[in-house]
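Once you know that position 67 of the sequence shown is 67 in UniProt numbering, the rest is easy, because the numbers rise by one and skip nothing. Idealized CB from N, CA, C, for every residue including glycine. As the structure is a prediction and not an experimental result, all values here were calculated from the model. Quick notes on the structure that follows.
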Amino acid sequence: VNEALGGGGGEARTIGLLDVFGFESFERNGFEQLCINYANEVLQGWFMDALIKREQAEYAREGVVCDHIEYPSNAEQVSMLGGKGGIFALLDEECRIPRGSDEALVEKMHAVFEKSRPGLYSRARFGAGAAGAALAAEVGPETLFCVRHYAEEVQYTARGWLDKNRSAVRHEVTELLAGSDYPLLSLPSGAALEAPPLSTGQSSRAPSVSGVFRESLRSLGAALLVTQQHFVRCIKPNSTKTPHSLDAAYVQRQLRYLGVGAVLEIGRAGYQVKLPYASFLGRYRCVVFDQPGLLDGPPREAAERLLRAAAGKLDGNPDWLASREAQLGTSKLFMRPAVAAALDVPRLAARRRAAV
């Protein structure tokens with residue numbers, strides 16, 4: 001779209017917006033839900049990697065020592081769904097078989113994943129619920145299976161998957177679009193519709209829908225790798241769009257889907273408060289108004305003296321630098337929230353004295 005509408009000539013800076021469907025889990029989940037949830041798995045992996053790598057890169061750049069940050073990884077889910085020998089690969093393989101069927105696909109999935117991915121894949125469990133029994137009667141219990149996503153376990157039905165996966169865009173349509181004189185119409189005939197074909201020996205067929213989808217995700221990932229990403233997590237207060245109404249269970253479910261808990265764990269393991277030395281000195285200089293000489297000299301050294309002097313005004317005279325509750329970086333002071341909260345005690349006391 002940028003190429004079609006742009007004026008051309010010269011290098012241009014761009015801002016891209018990626019709006020992604022949220023994680024989906026309904027009473028009946030089919031091919032579309034698996035594609036959407038796979039995209040969310042991939043994006044969740046990118047999000048966590050970007051967040052961790054960004055933190056670790058800043059620590060390395062600033063010369064700050066930080067323990068290895070552990071975080072939940074969904075790499076196994078991504079591999080089981082879209083990797084070599086994964087669910088989508090088995091689906092493409094079943095589509096190549098002349099008499100392939102949805103039921104045969106699920107049987108092969110059971111055979112492959114029940115033993116190799118016992119914590120991530122399982123057969124459907126109906127229990128005593130009427131909804132589960134009704135779904136099994138509607139689509140056939142032999143088409144049902146469960147996948148443990150990063151958010152929660154979802155039960156899928158493979159009914160109609162082979163037909164949907166074969167529903168590729170006709171070659172004549174892509175040729176027609178490619179020949180259009182209108183640039184915007186000719187765009188879809190490019191890389192977005194290109195994917196590895198379904199091969200049988202030396203012959204090849206049209207690319208599968210899941211193949212096109214996975215190729216699009218790979219292209220998106222390559223594009224995101226060379227950008228500076230910012231993530232916005234959107235939370236709906238309720239499902240009915242009612243003003244001034246907060247559904248706590250609904251919000252909690254979204255927070256779990258979005259991996260917000262994992263992000264908080266990452267923040268807790270690192271240094272959440274990062275202040276350039278000039279900002280730190282400007283905020284806390286009032287703590288040492290009676291010792292103005294402490295603020296002389298290079299900002300980094302002045303910040304260290306101020307930090308130690310402020311700690312000396314507190315009970316126990318904590319040595320935050322020795323305990324690595326705070327660290328001096330190249331251009332910033334890194335602190336745990338408890339350190340910032342403790343520093344605010346003498347800061348607020350000094351401000352109150354100055355106001356009297």
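Non-local beta-carbon contacts of Ser122 in its own chain, meaning distances under 6 Å to residues more than five positions away in sequence, involve Cys146 in chain order. The beta-carbon separation of Gln327 and Val64, rounded to 5 Å, stays under the 8 Å limit for a contact.
Under the three-state reduction of DSSP output, Tyr121 falls in the strand class. Counting along the chain, the unbroken beta strand (DSSP E) around Val154 starts and ends at 153-157.
Of all alpha-carbon atoms in Ser116, Val273, Leu306, the one lying nearest the alpha-carbon of Leu281 is that of Leu306. Residue pairing by DSSP places Arg218 in no beta bridge whatsoever. The three-state secondary structure of Lys332, taken from DSSP, is strand. For Phe47, the enclosing alpha helix (DSSP H) has its first and last residue at 31-62. With respect to Tyr150, Gly259 sits close: the two C-beta atoms are nearer than 8 Å.
Distances from the CA of Ser116 to each of Val139, Ala269, Pro318, Ser79 were compared; the closest alpha carbon is that of Ser79.
Around the beta-carbon of Leu51, 16 or more other beta-carbon atoms lie within 10 Å, marking it buried.
Residue environment for Gly329: buried (at least 16 other C-beta atoms within 10 angstroms of its C-beta).
Of the other Cβ atoms in all chains shown, 16 or more fall within 10 Å of the Cβ of Glu142; this residue is therefore buried.
DSSP, reduced to helix, strand and coil, places Phe289 outside both helices and strands of the structure shown, so it counts as coil.
Shortest Cα-Cα distance from Arg253 to any of Ile266, Phe88, Asn238, Ser101 involves Asn238. According to the DSSP secondary-structure assignment, Arg148 is paired through a beta bridge with Glu153. Non-local beta-carbon contacts of Leu217 in its own chain, meaning distances under 7 Å to residues more than five positions away in sequence, involve Ala39, Val42 in chain order. Ala206 carries a coil assignment under DSSP once its states are collapsed to helix, strand and coil. As the crow flies, the alpha-carbon of Val112 is around 30 Å from that of Val20. A residue is called buried when at least 16 other Cβ atoms come within 10 angstroms of its Cβ; Asn165 meets this threshold and is buried.
Per DSSP, Lys164 is not a residue of any beta strand (DSSP E); the alpha helix (DSSP H) it occupies stretches across 161-166. Among the bridge pairs identified by DSSP, Pro318 is matched with none. For Leu275, the beta-bridge partners assigned by DSSP are Leu333.
Phe47 has its alpha-carbon roughly 8 Å from the corresponding atom of Phe231. In this model, Leu225 and Gln77 are separated by some 21 Å (Cα to Cα).
In this model, Glu32 and Tyr257 are separated by some 18 Å (Cα to Cα).
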